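Everything on this sheet refers to the single structure shown next.
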Amino acid sequence: MTTIDSRIYVDGHRTASPPDLKDVADDLERSGGVAWIGLLDPSEDDLETVAARFGLHPLAVEDAHKGHQRAKLERYGETVFVVIRPAWYDDRAERVDIGEVHLFVGPRFVITVRHGDRLDLTAARDALEAEPEFLGRGPEAMLTAFLDAIVDGYAPVVAGLVNDIDEVEDSLFGRGNVDPALSKRIYNLLSQVIALQRAIGPLPDMVQGLLRGADRYGTGDEVQNRLRNVLDHTLRVTERIDGSRSLLENALTVHSTLVSLEQNDAMRRMSSASLAQGEESRRLAEETIDQGEQVKKISSWAAILFTPTLIAGIYGMNFDHMPELHWTWGYPFALTLMVGFGVGLWGVFKWRRWL
94 MTTIDSRIYV
104 DGHRTASPPD
114 LKDVADDLER
124 SGGVAWIGLL
134 DPSEDDLETV
144 AARFGLHPLA
154 VEDAHKGHQR
164 AKLERYGETV
174 FVVIRPAWYD
184 DRAERVDIGE
194 VHLFVGPRFV
204 ITVRHGDRLD
214 LTAARDALEA
224 EPEFLGRGPE
234 AMLTAFLDAI
244 VDGYAPVVAG
254 LVNDIDEVED
264 SLFGRGNVDP
274 ALSKRIYNLL
284 SQVIALQRAI
294 GPLPDMVQGL
304 LRGADRYGTG
314 DEVQNRLRNV
324 LDHTLRVTER
334 IDGSRSLLEN
344 ALTVHSTLVS
354 LEQNDAMRRM
364 SSASLAQGEE
374 SRRLAEETID
384 QGEQVKKISS
394 WAAILFTPTL
404 IAGIYGMNFD
414 HMPELHWTWG
424 YPFALTLMVG
434 FGVGLWGVFK
444 WRRWL
């Protein structure tokens with residue numbers, strides 16, 4: 094049997110700590126007190142044994158064995174079955190760890206079934222034993238004290254989340270450049286807040302359900318007052334969680350907007366640079382075209398001047414036997430040939446718009 098702690102209380106004082114389940118049942122029969130039994134990861138056979146001893150409902154026993162239940166409160170005759178999800182926050186990893194505890198609360202017993210050894214109920218039991226007058230009010234007082242301890246444990250979790258949200262806001266609005274990786278941190282925090290919201294969300298209805306049934310099941314005034322205090326704390330925690338979720342959702346939207354604006358600015362700067370580069374390329378192209386025009390003009394004039402030079406060079410050669418050397422019209426013919434070729438080339442280049 095996975096019993097990790099069992100205590101018998103009579104009039105709010107512990108009278109025994111039986112080592113096994115059979116001893117618990119015998120001590121209860123003799124003393125007429127109330128038992129608090131703690132189980133850690135019990136097997137199906139263990140739960141069946143406990144169910145047979147204390148008359149637990151099979152559906153509740155099945156839920157306690159399977160685990161992974163949402164927070165809830167159900168009544169099976171005189172037994173109340175409660176599932177509650179305690180939480181812890183790892184600030185370094187920015188992770189919310191959520192546990193699971195099942196409680197069977199009967200007329201003369203409180204049985205806690207834990208999955209995982211993260212939650213230690215010893216401190217809660219010791220704190221309750223320090224109030225024997227309240228403890229003497231029976232199992233519902235034990236349940237109320239347990240709920241109070243779990244709800245108080247949510248406060249540091251919410252405080253850790255709020256501190257991380259403040260850091261996100263500082264990063265979001267306190268820097269000149271928007272960090273694209275910040276969206277991942279916001280999303281991770283948001284998922285942790287949603288997980289905690291699901292764990293805590295049913296608690297107000299659960300406590301209100303206990304208060305609504307107080308008169309019917311004979312719950313004392315002092316227990317009801319403590320339940321109202323637990324309800325007030327629960328509502329405060331749920332309001333803070335709801336507010337944290339809204340802040341993170343807004344932060345995610347704002348961050349996405351800022352990233353989009355920064356990307357738009359970057360695109361605009363790139364477009365401006367591209368336009369400037371295009372303008373520079375256009376200017377260089379115009380200069381190249383202009384240079385090409387100048388080269389064509391120079392080449393055209395060079396060709397026009399080259400023809401007379403060629404003719405003059407030919408007739409300037411001092412050979413004895415040249416056809417036109419002693420011809421009367423040789424000189425005018427050479428000049429005419431030079432001018433004719435020059436004018437002809439000029440006309441051709443002008444027609445091709447090189448000049």
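To convert, count from 1 in the sequence shown and add 93; that's the numbering used here. We put the CB at the ideal spot given by N, CA and C, even for glycine. All values derive from a computational prediction rather than experimental measurement.
Rounded to the nearest angstrom, how far is the Cβ of residue i from that of residue j, given a contact under 8 Å?
i, j, result
"alanine 252", "arginine 201", "With a Cβ gap of about 38 Å, alanine 252 and arginine 201 do not count as contacting."
"valine 203", "leucine 196", "6 Å"
"glycine 125", "glutamate 171", "In fact, because the Cβ distance is near 16 Å, the residues do not count as touching under 8 Å."
"leucine 438", "isoleucine 397", "5 Å"
"leucine 37", "threonine 142", "Because the chain is modelled from 94 through 448, residue 37 falls outside the range shown and cannot be assessed."
CB-CB under 6 Å to residue i, same chain, minus the five flanking residues each way: which ones, in chain order?
i, result
"histidine 150", "Tyr169"
"methionine 431", "Pro401 and Ile404"
"leucine 240", "Val323"
"glycine 229", "Asp104 and Gly105"
"glutamine 285", "Val189"
Please confirm whether residue i and residue j have their CB atoms less than 8 Å apart.
i, j, result
"arginine 278", "valine 261", "yes"
"valine 189", "alanine 288", "yes"
"glycine 131", "threonine 205", "yes"
"alanine 217", "alanine 248", "no"
"alanine 292", "arginine 178", "yes"
"leucine 303", "arginine 321", "no"
"lysine 159", "methionine 299", "no"
"alanine 223", "alanine 242", "no"
"glutamate 233", "valine 316", "yes"
"alanine 153", "glutamate 137", "no"
Taking 7 Å as the cut-off, does the CB of residue i come closer than this to any heavy atom belonging to the ligand ATP?
i, result
"glutamate 226", "In the structure on display, the ligand ATP does not appear, and there are no ligands present to speak of."
Restricting to Cα atoms, I'd like to know which of the options is closest to residue i.
i, options, result
"glycine 311", "Val244, Ala369, Asn357 and Gly231", "Gly231"
"alanine 186", "Pro425, Leu254, Glu224 and Val175", "Leu254"
"leucine 282", "Ser337, Gly371, Met235 and Gly433", "Ser337"
"valine 194", "Tyr182, Phe174, Asp183 and Asp184", "Phe174"
"valine 323", "Leu341, Leu296, Gly313 and Ser339", "Leu296"
"isoleucine 407", "Val176, Leu368, Ala427 and Leu398", "Ala427"
"threonine 346", "Ser276, Arg100 and Ile258", "Ser276"
"arginine 100", "Met235, Pro135 and Asn357", "Met235"
"aspartate 335", "Leu354, His326 and Gly294", "Gly294"
"arginine 163", "Ala145, Tyr424, Thr350 and Gln290", "Gln290"
"valine 244", "Ser339, Arg319, Asp183 and Phe266", "Arg319"
"phenylalanine 147", "Val117, Glu167 and Pro135", "Val117"
"phenylalanine 399", "Thr381, Gly433, Thr421 and Glu379", "Gly433"
"serine 349", "Leu265, Ser392 and Pro135", "Leu265"
Is residue i close to chain D, meaning its C-beta is less than 8 Å from at least one C-beta of that chain?
i, result
"aspartate 156", "Of the chains in the structure shown, none is chain D; there is only one protein chain."
Report all residues from its chain with a CB closer than 8 Å to the CB of residue i; omit the five preceding and five following residues, and keep chain order.
i, result
"proline 273", "Val352"
"glycine 246", "Pro179, Ala180 and Trp181"
"aspartate 119", "Pro111"
"isoleucine 258", "Leu282, Ser337, Leu340, Leu341 and Ala344"
"leucine 328", "Pro297"
"methionine 363", "none"
By DSSP's criteria, residue i is part of a beta bridge. Which residues make up the other side?
i, result
"arginine 146", "Looking at the DSSP assignment, arginine 146 forms no beta bridge with any residue, so it has no partner."
"histidine 419", "None; histidine 419 has no bridge partner."
"tyrosine 182", "Val189"
"alanine 109", "Ile101"
"threonine 205", "Gly131 and Leu196"
"lysine 165", "Val176"
Can you find the residues in the same chain that come closer than 7 Å, C-beta to C-beta, to residue i, ignoring five residues on each side of it along the sequence?
i, result
"lysine 390", "Trp447 and Leu448"
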